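J.: Pasting a structure below so you can have a look.
In my numbering, the protein residues as written are 147 to 509.
Below, the structure written as structure tokens:
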């Protein structure tokens, strides 16, 4: 994501560069439920046509959203630069459901930003969507970098702040109406690694979210990393005897609570990734914007289900499997989709009334 673009070059190419001012009540009213329904129409084919989708063909990239960039050792005075662009994008949720999302860099959730405590963070943001947007970073920074104001369509802004404190954070759009911007997908993971590195582990990012597919301000589908049921159809392969570290975030709008439950194991729970002493449990509840780092050492190989412990959320997409294999397994080397339900998909169409992975064909 770092493009090597300098601040001077970026500013020279930005016309206009807007001041970060709060929206007026009239602007907020224009972003009400009625506007959300209007936006469900077919998007303009010319809007954001140069989005850096991942991958380039626009297909879902679960590996890119699941696996974070590697942690970098502390380096005094280092500047980390990123470019984030907001685009309106129609994304594929299931085989039969598409969703008109508002995205950072073309995906829901947006790309993982990972820095080290003490880095100077510089984010160049350009709004190529059709509505005012901003970026609000969780963490410690001066008020002017808080993302409360919004960049109007076609304009840009720069956010600069030191990376602190170490922990698991997030970024999101803070333009009004807040619920609409979160529900449409404008959020992503922001990891600040400690100066002293964490112990080695197999690291994963899992962002829980919901999708209001009919505009009634209630979610019909739920997902981890933007695709309902995906990790049930394609289990996540991990190595037996190697610690699995999960950066877990809840950004589910319209539901006050989401949760994560792991079958057959317990995990060490570090809330916000800032505490030293973990809790030992198999279930964690998170309100919207709440996050945690969990670490699990699987005792035995096999399949282990994970899901939201609210049954309706799990049955509508927020579920999946870990496939734990021994070191040296060909499945671990491939580290890709295992297609556990491939035969069922081949024989099941449309599988109406089915839950779980088969429901991908139902919608």
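We treat Cβ as the ideally placed atom computed from N, Cα and C, and that holds for glycine. All values derive from a computational prediction rather than experimental measurement.
Going by C-alpha to C-alpha distance, which of 270, 406, 391, 472 sits closest to residue 397?
T.: On the chain shown, position 251 is the one that residue 397 refers to. The option with the nearest alpha carbon to residue 397 is 406.
J.: Buried or exposed: where does residue 473 fall if 16 or more other Cβ atoms within 10 Å of its Cβ makes it buried?
T.: In the chain shown, residue 473 corresponds to position 327, counting from 1. Per the 10 Å Cβ criterion, exposed.
J.: Residue ranges of each beta strand (DSSP E) run of no fewer than 3 residues wholly in the stretch 215 to 286, ordered along the chain?
T.: 225 to 238, 244 to 250, 259 to 262, 266 to 273, all fully within the stretch 215 to 286.
J.: When the Cα atoms are used, what is the spatial distance from residue 364 to residue 219?
T.: By 1-based counting over the chain shown, the position of residue 364 is 218. By 1-based counting over the chain shown, the position of residue 219 is 73. When rounded, the distance between both Cα atoms is 43 Å.
J.: So, at 6 Å on beta carbons, what are the nonlocal neighbours of residue 309 in its own chain, with the 5 sequence-adjacent residues on each side left out?
T.: Reading the chain shown from its first residue, position 163 is the one you call residue 309. Cβ neighbours of residue 309 beyond the five flanking positions: 261, 263, 265, 267, 338.
J.: Look at the Cβ atom of residue 391, then the Cβ atom of residue 436, and state whether they are nearer than 8 Å.
T.: Here residue 391 refers to the residue found at position 245 when the chain shown is read from its first residue. Here residue 436 refers to the residue found at position 290 when the chain shown is read from its first residue. Not closer than 8 Å, so no.
J.: Decide if residue 426 is buried, meaning its Cβ has at least 16 other Cβ atoms within 10 Å, or exposed.
T.: Stepping through the chain shown from its first residue, residue 426 is reached at position 280. Answer is exposed; the Cβ neighbour count stays below 16.
J.: From the DSSP output, read off the bridge partner residues of residue 316.
T.: Within the chain shown, the letter at position 170 stands for residue 316. Paired residues: 335.
J.: In angstroms with no decimal places, state the Cα-to-Cα distance between residue 293 and residue 303.
T.: Taking the first residue of the chain shown as 1, we reach residue 293 at position 147. Taking the first residue of the chain shown as 1, we reach residue 303 at position 157. Roughly 10 Å between the two C-alpha positions.
J.: Taking the DSSP output, what are the residues bridged to residue 396?
T.: Along the chain shown, read from residue 1 onward, the residue named residue 396 stands at position 250. Answer is 354, bridged to residue 396.
J.: If residue 255 sits next to residue 356, beta carbons under 8 Å apart, how far is it from one beta carbon to the other, in whole angstroms?
T.: Within the chain shown, the letter at position 109 stands for residue 255. Within the chain shown, the letter at position 210 stands for residue 356. That belief does not hold up - the Cβ atoms of residue 255 and residue 356 are roughly 12 Å apart, past 8 Å.
J.: Out of curiosity, what's the CA-to-CA distance linking residue 223 and residue 279?
T.: Stepping through the chain shown from its first residue, residue 223 is reached at position 77. Stepping through the chain shown from its first residue, residue 279 is reached at position 133. Looking at the two C-alpha atoms, the distance is approximately 30 Å.
J.: Closest to residue 335 by C-alpha separation, out of 439, 461, 423, would be which residue?
T.: The residue labelled residue 335 in the question sits at position 189 within the chain shown. Selected option, being the one with the closest Cα: 439.
J.: Which residue's Cα is closest to the Cα of residue 401: 433, 423, 247, 411?
T.: Here residue 401 refers to the residue found at position 255 when the chain shown is read from its first residue. It is 433.
J.: Tell me the DSSP secondary structure of residue 327 in three-state form.
T.: Taking the first residue of the chain shown as position 1, residue 327 is located at position 181. The answer is helix: DSSP assigns residue 327 an H, G or I state.
J.: My parser needs the beta strand (DSSP E) runs of 3 or more residues fully inside the stretch 392 to 477; what are they?
T.: With a minimum length of 3 residues, the continuous beta strand (DSSP E) runs that stay inside the stretch 392 to 477 are 403 to 408, 413 to 417, 425 to 427, 429 to 433, 437 to 442, 448 to 453, 465 to 471.
J.: Going by Cα to Cα distance, which pick from 330, 270, 358, 411 is closest to residue 277?
T.: Here residue 277 is taken as the residue at index 131 of the chain shown, counted from 1. With distances taken between Cα atoms, residue 277 lies closest to 330.
J.: Do you know offhand how far residue 231's Cα is from residue 271's?
T.: If you number the chain shown from 1, residue 231 lands on position 85. If you number the chain shown from 1, residue 271 lands on position 125. Taking the straight line joining both Cα atoms gives about 6 Å.
J.: May I ask you to report which of helix, strand or coil DSSP gives residue 349?
T.: Looking up residue 349 in the chain shown gives position 203. Here residue 349 sits in strand by DSSP.
J.: Give me whichever residues DSSP pairs with residue 382 in a beta bridge.
T.: Here residue 382 refers to the residue found at position 236 of the chain shown. Answer by DSSP bridge pairing, in chain order: 468.
J.: From this set, 416, 236, 240, 252, which residue's C-alpha is nearest residue 246's C-alpha?
T.: As a first step, residue 246 is located in the chain shown; it is residue number 100 there, counting from the start. When only C-alpha atoms are compared, the closest one is 236.
J.: The beta strand (DSSP E) that contains residue 369, what's its start and end?
T.: Here residue 369 refers to the residue found at position 223 when the chain shown is read from its first residue. Taken as a continuous stretch (DSSP letters only), the beta strand (DSSP E) holding residue 369 covers 367 to 370.
J.: Just mark residue 469 as buried or exposed, buried being the case when its beta carbon has 16 or more other beta carbons within 10 Å.
T.: Locating residue 469 in the chain shown gives position 323, where the first residue counts as 1. Per the 10 Å Cβ criterion, buried.
J.: Taking the straight line between their C-alpha atoms, what separation do you get for residue 343 and residue 313?
T.: On the chain shown, position 197 is the one that residue 343 refers to. On the chain shown, position 167 is the one that residue 313 refers to. Each residue's alpha carbon lies about 12 Å from the other.
J.: Compute the Euclidean distance between the alpha carbons of residue 327 and residue 321, then round it to the nearest angstrom.
T.: Against the chain shown, residue 327 aligns to sequence position 181. Against the chain shown, residue 321 aligns to sequence position 175. So the alpha carbons of these two residues sit roughly 7 Å apart.
J.: Starting from the C-beta of residue 460, find all residues in its chain whose C-beta is less than 6 Å away, skip the five residues before and the five after it, and write them out in chain order.
T.: Against the chain shown, residue 460 aligns to sequence position 314. Contacts found: 453, 454.
J.: For residue 240, count neighbouring Cβ atoms within 10 angstroms of its own Cβ and tell me buried if that reaches 16, exposed if not.
T.: Here residue 240 is taken as the residue at index 94 of the chain shown, counted from 1. By the 10 Å Cβ count, residue 240 comes out buried.
J.: If you check the beta carbons only, do residue 98 and residue 382 fall under 8 Å apart?
T.: In the structure displayed, the chain extends from 147 to 509; residue 98 sits before or after that span and is not available.
J.: Which same chain residues, not among the five before or five after residue 360, have their C-beta less than 7 Å away from its C-beta?
T.: Within the chain shown, residue 360 is the residue found at index 214, counting from 1. Excluding sequence neighbours, residue 360 sits near 366.
J.: What residues match up with residue 127 in a beta bridge as DSSP calls it?
T.: For the chain, the structure presents residues 147 to 509; residue 127 sits outside this window and is missing.
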